[in-house]
Every structure is written in C-alpha cells, then in structure tokens.
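Positions 1 to 154 (this note's numbering) are the ones given, in order, by the sequence shown. Below you'll find the structure, written out as structure tokens, and then a few comments.
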Amino acid sequence: MSAEARQTLVDSGHLIFQDEHDDTADPTQRADFLDPRYTNTNLIAFTAALIAKGYHVEITAVNRDHSDDSALGYHCHHNGFAWDGWPLTGPIPGEYLDQSDPVFARFLGDATSCAFYLKTGLAGEAATPENFAAAGAAVFHDDGADHVHFEVNG
Ligand SMILES: [Zn+2]
1 MSAEARQTLV
11 DSGHLIFQDE
21 HDDTADPTQR
31 ADFLDPRYTN
41 TNLIAFTAAL
51 IAKGYHVEIT
61 AVNRDHSDDS
71 ALGYHCHHNG
81 FAWDGWPLTG
91 PIPGEYLDQS
101 DPVFARFLGD
111 ATSCAFYLKT
121 GLAGEAATPE
131 NFAAAGAAVF
141 HDDGADHVHF
151 EVNG
C-alpha cells in the first residue's frame, strides 16, 4: 500500500480521528494511519474498502494510543493489525450511530466482506445480540469502553 493510498484514506473525510477533537490528547491516530511502522498495509486496505461502502467512522484507538496488547496474539493493535472505533451517522465528530440502528448491524456485516478482514470485537453498548449476529462467525466480546474493534490478517 503506497504512501499515497494512506494519505487518500486519512484525507477521505470518512475517518474522524477522535484525538483531534480532544484538547487533552496528543494526537497520534492520523499519524499512525500514515506510518507503516504503526499500521500494517492490510489494515489500510481493509479500512479503505470499508469506507468505500459509504461509512463514516470515529477512530478511538489505533496503535500508539492503545495499550500493548501483543500478549493477546499477533494480529493486535501493537503490531498494526487493529483499530477501535464507532460508526457515525455522517462526517460530524460525535454524531454516533445508535448501536440498535439497523445501519450499525449492516456496517458490521459489510466489514466482514472487506479485504483482509479477520475478526470483530464488540465492547460495551455495541455488544447487542443483533450486532453479534450481524458480525458473523469471527466476533468476540471485547473489554473496555463502548467500541467496535476490527483486526485484519497478514
Ligand atoms: Zn481493539
């Protein structure tokens, strides 16, 4: 995945980097998406395919802003294979899609057909029975605050 593809992704307007809307944060999310040391090329391809379906996502954690999760397996945040986020109703930060909205379930289902998709984690309010059903076979109940975790293979 070229540097140009990474730049196109972060400039798409479909990824909202939460740490750029938090005065207390030192933003790293955009930089992580631009840097192959922090995000695997397969994660970039997966994310580009997902937003190409029209979705907007608020990114809540990528790599450097996530704890070291490498004990959980190779395809983790620490090795650049995962991000956490929440789908939005559109391009406006904080305009979160309700977890019971059918579009939320469709988002989860569509993610499973994107390039390099490996696994979905549902945490907090995202972990509804409907969302578990929509996310297919490779879904697990994730820890922590409300979020959707995606990881890719590679
Ligand atoms: Zn995660």
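All C-beta atoms, glycine included, are put in the ideal place defined by N, C-alpha and C.
- If you compare the alpha carbons of Arg6, Ala3, Asp142 and Glu20 with that of Asp65, the shortest gap goes to Glu20.
- Here Pro87 really is in contact with Phe107; their C-beta atoms are around 5 Å apart, less than 8 Å.
- Here His66 is not bridged, per DSSP, to any residue.
- For the pair Leu97 and Ala71, the Cα-to-Cα distance works out to about 31 Å.
- In this structure, the alpha-carbon of Asp69 lies about 19 Å from that of Gly124.
- With respect to the 8 Å criterion, Gln29 and Ile59 are classified as neighbours on the basis of their beta carbons.
- Boundaries cannot be given for Gly154, as no alpha helix (DSSP H) includes it and DSSP labels it neither H nor E.
- Cβ contact annotation for Gln7 (same chain, cutoff 8 Å, sequence separation greater than five): Leu34, in chain order.
- No Cβ-Cβ contact shorter than 8 Å links Phe116 with Gly80.
- For the options His75, Pro102, Tyr38 and Val103, the alpha carbon positioned closest to that of Phe150 is the one of His75.
- Bounds of the beta strand (DSSP E) holding Ala61 are His56 to Ala61.
- The three-state secondary structure of His21, taken from DSSP, is helix.
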